[in-house]
Amino acid sequence: MAARIYPVDYYYATVDDRPGQGCRFLRALAAEDVNLVAFNAFPVGRERTQLVIYPLNPVWLGDFARHEGLVLQGPHHAFIVQGDDELGALVGIHEKLCDADINVSSANGMTDGRGGYRYIMHVHPEDWERALAVLGVDQAMRPLADYHLDLRRRFEAKA
1 MAARIYPVDY YYATVDDRPG QGCRFLRALA AEDVNLVAFN AFPVGRERTQ
51 LVIYPLNPVW LGDFARHEGL VLQGPHHAFI VQGDDELGAL VGIHEKLCDA
101 DINVSSANGM TDGRGGYRYI MHVHPEDWER ALAVLGVDQA MRPLADYHLD
151 LRRRFEAKA
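Quick note: the sequence shown uses the working numbering, first residue 1, plus one each step.
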């Protein structure tokens, strides 16, 4: 299977780096029915952590953030690449970007253990439109576009 490349929006927030913060954050997202395509967290200094959130539904993430008083930065854009796990699976994608003088600023990937992989790739914002064209990405396509959860929103006003 050829690699499929999808555009995805992401947001980030910086929080205190304390034991249990990630657990509380993910628990709160689940409690408010905010489903994620991907999630990443990493330290930014001695006592702060940046949470990078790739929501399935950005509107629901925004509602959650307002409800929780969480300041989100974004949306920002990234690519999700999905394909068959084979030697050199990402070389052609990187060569196209390299030939167009587009730098991949960060990336992270993982195999699924069943012969496939997923890869998140970021380019600089000023290169986003060119990268879309170089990679032939259909902006209407979304990862998990056929994914459905029967979720009912249940926000309550904070007292």
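C-beta atoms are modelled at their ideal positions from N, C-alpha and C, and glycine is treated no differently.
Note that this is a predicted model, so its numbers are computed, not measured.
Option nearest VAL104 by Cα separation, candidates TYR117, TYR10, ASP16, HIS94 = HIS94
DSSP beta-bridge partners for ALA107?
-> MET121
By a C-beta neighbour count over all protein chains shown, 10 Å radius and 16 as the cutoff for buried, is PRO55 buried or exposed?
-> buried
When the Cα atoms are used, what is the spatial distance from ALA159 to ILE53?
-> Residue confidence for ALA159 is low, a pLDDT of 47 falling below 50, so the modelled location carries little weight and cannot support an answer.
C-alpha gap between VAL59 and PHE39, whole angstroms | 17 Å
Indicate the three-state DSSP secondary structure (helix, strand or coil) for VAL37 in the structure shown.
-> strand
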